[in-house]
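Please read the structure below before turning to the comments.
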Amino acid sequence: MTPATLASTGLDTGDTAWLLAATALVLLMTPGLALFYGGMVRTKSVLNMLMMSFVSIALVTVVWLVAGYSLAFGEDTFAGLVGGLEHVGMVGIGPADLTGSVPTLLFSTFQLTFAILTAALVSGAIADRMKFAAWLAFVPVWTLLVYVPVAHWVWGPGGWIVDSLGALDFAGGLVVEITCGASGLALALVVGPRMGFKKDAMRPHNLPMVVLGAGLLWFGWLGFNGGSALGANGLAAASVLNTLVAGCTGLLGWLFIEQRRDGHPTTFGAASGAVAGLVAITPACGTVGVAGAAAVGLAAGVVCSYAVAWKFRFDYDDSLDVVGVHFVGGVVGTLLVGLFATTAMTGDAEGLLYGGGAGQLARQAVAVVTVAAYTFLMTYAIGKGLDRLMGLRASEDEELTGLDQTVHAESAYDHGGLGHAASQTPGRPERRTQDRSSTR
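Per the numbering used here, the sequence shown runs over residues 788 to 1227.
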């Protein structure tokens, strides 16, 4: 079921209460992403990474309220490509207006949290090196020209992917994962690689922060996928279970590959594998059964564990593996809908392995290629335009020193005051002690 197919059925307080909770869960995913990304970068750019996620909340919200919601979910105005302007500034929507059985204002807020997270996800591809001012300019333009049209194609009334093509994307494999992954690749190519890429070790500086961020993402993902049912019902319950299952099998699949390939299962791999499984089940959670969810998550964990190394082979610097995890995981999950979709979940469409033939798989593939191509090309054009206008890349000195100090005049870790307090005995001079951390 998609928002575009829902008819107003009268307010349901249970559905409304569940969507209120789900909206809060999805909003929490962006701070969770900030921690996940913040732990993955080096100490000199932690705060900048956190800021890129947090400022996305404010920027996307303004854009969404002004025009984004109307263009994404307004009545179709041009061949399934974009919505109308009837709700610019949220005009004409009041507390009594419904989308399905929930208030339209709540539905709009729920969809807003998806847009926020998608924009924040892109930042992982250009960590450590993009001007913060350029990011402030990029997010609003990208939201209007990339995210909003794709959301209309897939979920909006009259959108061509949902209405004409018939591809399935329950909770955002196309709209969120493939969109942010293709956009991240395009922006990374425009900005260029980090200084020392493929030469210097650029390991995560705080693995506990990474795992905490992944845990918050997993927690929020239950609302992300379960809330997409737009009701407190069996479809929501199935989506929540499928989300949990795929996260688990993604984690196990990644660890299996690490153990076999490297001889060590790592905490970083566990966090990455769980996220890969969650990414892949996003388009499929409302269309596959539990066995299908397990297969989708496992496939993503295995494939993405190899895909993160592609940046070294093909020489693009996707700093925090937005391409390797989100794009590749989104492609895996969206295509596997064509194999594992069941009528018990969809009420209609069936995948190839359930007797439905190859038709649904072909439709999924067309949607993947179209969305990936559009988002890559449009983001590349936006990036090139902003680069000419104001420059995207931080200076060499700023990158070497770190964006925390040079841009935000702050440091995530103050190493100067960690020593023992100076001790003083009556009648004896004060004895100073050296902070051991200063010698590290």
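Even for Gly, the Cβ is constructed at its ideal location relative to N, Cα and C.
Please read all numbers here as calculations on a predicted model, not as lab measurements.
Going by DSSP in three states, residue i sits in which element: helix, strand or coil?
| i | result |
| --- | --- |
| GLY968 | helix |
| ASP1201 | coil |
| THR796 | coil |
| VAL963 | helix |
| GLY1120 | helix |
| GLY876 | helix |
| ASP802 | helix |
| PRO890 | strand |
| ASP1191 | helix |
| LEU1107 | coil |
| PHE901 | helix |
| ASP1135 | coil |
| LEU1173 | helix |
| PRO818 | helix |
| THR1069 | coil |
| PRO980 | coil |
| PHE823 | helix |
| VAL928 | helix |
| LEU746 | Past the edges of the chain, shown from 788 to 1227, lies residue 746, and the structure says nothing about it. |
| VAL1158 | helix |
| PHE957 | coil |
| VAL1090 | helix |
| ALA1196 | coil |
| VAL1153 | helix |
| GLY1206 | Below a pLDDT of 50, predicted positions are generally treated as unreliable, and GLY1206, at 40, falls in that range; the measurement from the model is reported next regardless. Looking at GLY1206 - three-state DSSP - the assignment turns out to be coil, as it is neither helix nor strand. |
| ALA1145 | coil |
| GLY753 | With the chain represented from 788 up to 1227, any question about residue 753 goes unanswered, as that position is not in the structure. |
| GLY945 | coil |
| VAL1083 | helix |
| VAL813 | helix |
| VAL853 | helix |
With DSSP as the reference, identify every bridge partner of residue i, one or two as the case may be.
| i | result |
| --- | --- |
| ARG1180 | MET917 |
| ALA1128 | VAL1075 |
| GLY1064 | In the DSSP output, where bridge partners are listed per residue, GLY1064 has none listed. |
| LEU885 | PRO890 |
| ASP987 | BP columns for ASP987 are empty, so no partner. |
| GLY870 | ASP863 |
Alpha helix (DSSP H) containing residue i: first to last residue?
| i | result |
| --- | --- |
| SER843 | 833-850 |
| GLY1013 | 994-1013 |
| ARG1100 | 1097-1101 |
| PHE860 | 856-860 |
| ALA938 | 935-942 |
Assuming residue i contacts residue j (C-beta within less than 8 angstroms), just tell me the rounded distance between them.
| i | j | result |
| --- | --- | --- |
| GLY870 | LEU858 | 5 angstroms |
| LYS918 | LEU1179 | 6 angstroms |
| GLY1088 | ALA1063 | 5 angstroms |
| MET816 | GLY1007 | 4 angstroms |
| GLY1125 | LEU1107 | Not confirmed; about 29 angstroms, so no contact. |
| ASP863 | PRO944 | 6 angstroms |
| GLY1010 | ALA809 | 4 angstroms |
| ALA958 | CYS1072 | 6 angstroms |
| LEU1038 | ALA1057 | 5 angstroms |
| GLY867 | THR930 | 20 angstroms between Cβ atoms; not a contact. |
| GLY968 | PHE1114 | 2 angstroms |
| THR1166 | ALA973 | 4 angstroms |
| VAL833 | THR1162 | So it is not a contact: roughly 28 angstroms between Cβ atoms. |
| ALA1033 | SER1026 | That belief does not hold up - the Cβ atoms of ALA1033 and SER1026 are roughly 11 angstroms apart, past 8 angstroms. |
| GLY825 | MET996 | 6 angstroms |
| VAL1112 | VAL1095 | 7 angstroms |
| THR1279 | VAL963 | What the structure shows of the chain is the stretch from 788 to 1227, and residue 1279 is not part of that stretch, so it cannot be assessed. |
| ALA1019 | GLY801 | 4 angstroms |
| ASP1105 | ALA975 | 5 angstroms |
From the beta carbon of residue i, is the nearest beta carbon of chain C less than 8 angstroms away?
| i | result |
| --- | --- |
| ALA1145 | This model lacks chain C altogether, as it is built from one protein chain only. |
Any chance you could list the beta strand (DSSP E) runs of at least 3 consecutive residues sitting entirely within the region 1019-1059, in chain order?
-> none
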